[in-house]
Each structure stands twice: as structure tokens, then as C-alpha cells.
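The sequence shown runs contiguously to residue 297 in the working numbering. Quick reminder that beta carbons are idealized off the backbone N, C-alpha and C, glycines included. These figures come from a predicted structure and were not determined experimentally.
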Amino acid sequence: MDLRMLETFVAVAEEGGFTRAAVRLHLVQSSVSASVASLERQLGFRLFDRRTRSVQLTAEGRSFLESARAAVDAFNRAREDAAKLGGGVAGTVAVGVLVIPDMLGVARAVTTLHAQHPGIDIIVRTATNGSEGLLGDIVAGDLDLSFVVLPLPFAHPPEIVFEPLVAGRYLLCCGRSHPWAGRTDDIPVEEFDGVDFVEFPHGFSTRRATDERFAHTQVRRRTHVEVAHLELVATYIAAGTGVGFVTENLVQASDALVPLTASWIDLRWSIAIARRRGRRVSGAASTFLDVVRENSRAAIATGTGLTPG
């Protein structure tokens, strides 16, 4: 039994199959299957039930997984300690990101980190179902960390802890061709009845907060366009398609968006780093977090409406 066998077993368990594990480990599937089979022979029991369409851990496999992870983590810690003695930090960090403007300069953080620590590799991933998918990947062990927008529109897994980085406001705005473009008054809730909105789809935190606020009124707004990207929301609003909510920093940076006042609705957000409770943060991940925190402080200092999370 060697470390590579344990790493392969953990990868198959976390990825839920031999094919995905092979991709993760940069191996051919036959090598992954052979490694797991060899480990099973040495242990004297089956780790996976291969009779179902998906690969499932046996009871023995579930029990062994905790010990295997601990052994792999212990080796990685020893490797990191040795790297520090040699003057460097090494390792791979899998980071989840949302399809939103890069307000924290994550791309810049990755570039800076690579220049300062060539031994650190950053794998950036997205999820088709947004924050919910990213948090699920953290629980499954596919991601070490992930950026998420709070508040979440769903109950998050109890295994997840959050570190808020920056916070801000959503501003109600319209395009310069919109009938409300010249308004400087505080628009009352009654005037929103039947007004066209550009919005995020259901499942996004902004949409949920907007729906909840309007639910306490007798007003029925009209969702004219739904788009799943903040910059597209801003683009449609600027074109005069309807009114909607955009982050304050985007409104400040655009000549095509006109901020409106509606004091009866106040929407706020924050960007946080999510990780799994109790899981050791590797030296590489800790170094990445230090760069992200520094970028967050720099973003707040620019005066574009961002505040500490």
C-alpha cells in the first residue's frame, strides 16, 4: 500500500466515479481502476459497490475513507512544512467562483500568487447552479474554497463556514431613455405597479430579496427580462428595457445608468469565502487567502461603494 493508492481511492470517492477521478489525477481510467483493485486486495475487502450505475462506497469503504483522507492530509502537511524550510510554498488549490464581475480581482490574485509562489497551482471552477453547486462541491471535497454572494437564497449545508470579505448595496436604476431618468424624488411603492423590471432568475439572492420585499406590498411589478449575469442586467437596464437593481460600484462606473431613489426598499449584499468546517486549510490555500484578503482591502479603499464584509 502506498500514498498514490490512497490518493486514487480518495479521488474516486470524492468524484463519484473512476472516469472523473482519472481526469482529476491526469491518469487513464484503467490505471485508476487497477490501483483501487490492488488496494482492495491488500485490504481484504471491497471499497466500492460497482453493481450500480454510479460507483458507491461500501460500508467498509466509507469507514476507510476517513483514515485515507487523514493519511493523505498528513503527507501533504509534511510536504508543505518541508517546502517552507526550503523557502517556498507548494500545492494545488481548487477555488470556486461565481459568474459575476471580478470585484475582488481574483484573476489578479492568481497572477500575483503564481509570480510569488511558482509551486502553487490554482484551479478555478464555476457551477451551472451557482452558489448551491459550489457549496455542494466544497462538501464533496471537489473544492477547497469558493467565493459566494450572501445572503444565500437557500439553506446552506451545516458543514460550511463563511468569511465575509466585502459588502455593498444594490441601487435601483434605469437607462437614460427611461421615463424615470429625470426623477430626483423618492419614488413611492405605488408607482411601481406594472413597471417593467430587468431581473435575475429565481434562485438568485437578489431576486429572492426583491420578491420578498414586494410580497409585503399590494404592488405587482412586471418581470420583463430575466438574465443570469450582473453585467447583462446592467446592459438591459441601460438600453431602456426596464428598471432593476445593480451593484453600486457598477452604477458609479457607468454613464448609461441613472440611479433612482426608493427608500422603501434597501437591498444589500456581501462577498464571502466559503470553506468546509473542520477541514484543514493547506499552506497553499492559506497563502491564496492572504492575497485575496489584501485585494479585498484594496478594493474597499478605492471608494466605489464597497465596505468591509
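- For Gly163, the enclosing beta strand (DSSP E) begins and ends at 148 to 163.
- Remark: C-beta atoms of Leu153 and Trp257 do not approach each other more closely than 8 Å.
- The beta-bridge partner set that DSSP reports for Glu214 consists of Glu187.
- Within the same chain, Cβ atoms closer than 7 Å to the Cβ of Phe6 are found at Val0, Gln17, Val20, Ser21, Val43, the five residues on either side in sequence being excluded.
- Here Ile111 is near Val83, since their CB atoms are less than 8 Å apart.
- In this structure, Ala103 sits away from Asp174, with a CB-CB distance that is not shorter than 8 Å.
- Under DSSP, Ser258 shares a beta bridge with Leu138, Ala155.
- With contacts defined by Cβ atoms closer than 8 Å, Ala226 and Ala241 do not form a contacting pair.
- Leu53 is a Cβ neighbour of Val(-2), given a cutoff of 8 Å.
- Contact between Leu123 and Ala216 does not hold, since their C-beta atoms are separated by about 18 Å, which reaches or exceeds 8 Å.
- By the 16-neighbour rule on beta-carbons within 10 angstroms, Asp278 is exposed.
- In the DSSP annotation of this structure, Thr172 is not part of any alpha helix (DSSP H), being labelled neither H nor E.
- A direct Cα-to-Cα measurement between Val94 and Val280 gives close to 7 Å.
- Between Ser270 and Gly49, the C-beta gap is not smaller than 8 Å, which leaves the two residues out of contact.
- Shown here, Val98 sits in a helix according to DSSP, grouped into three states.
- By the CB criterion at 8 Å, Arg29 and Asn283 fall outside the cutoff.
- Taking a cut-off of 8 Å for Cβ pairs, the region 285 to 296 and the region 156 to 168 touch, as three or more such pairs fall below it.
- Under DSSP, Gly84 shares a beta bridge with Arg113, Ser134.
- Annotation: the continuous beta strand (DSSP E) that includes Phe233 extends over 232 to 235.
- For Leu245, no alpha helix (DSSP H) run applies; the uninterrupted beta strand (DSSP E) run containing it begins and ends at 245 to 247, by DSSP.
- Around Gly228, the same chain offers Gly163, Ser165, His166 as residues with beta carbons nearer than 7 Å, after the five sequence neighbours per side are excluded.
- For the 8 Å CB-CB criterion, Val87 and Thr114 form a contact.
- Scanning Leu35, Gly32, Thr(-4), Phe188 for the CA closest to the CA of Leu15 turns up Thr(-4).
- With contacts defined as CB atoms closer than 8 Å, Ser119 and Ile126 fail to qualify as a contacting pair.
- Short of 6 Å from the beta carbon of Ile148, and not among the five residues preceding or following it, lie these beta carbons of its own chain, in chain order: Leu123, Ala262.
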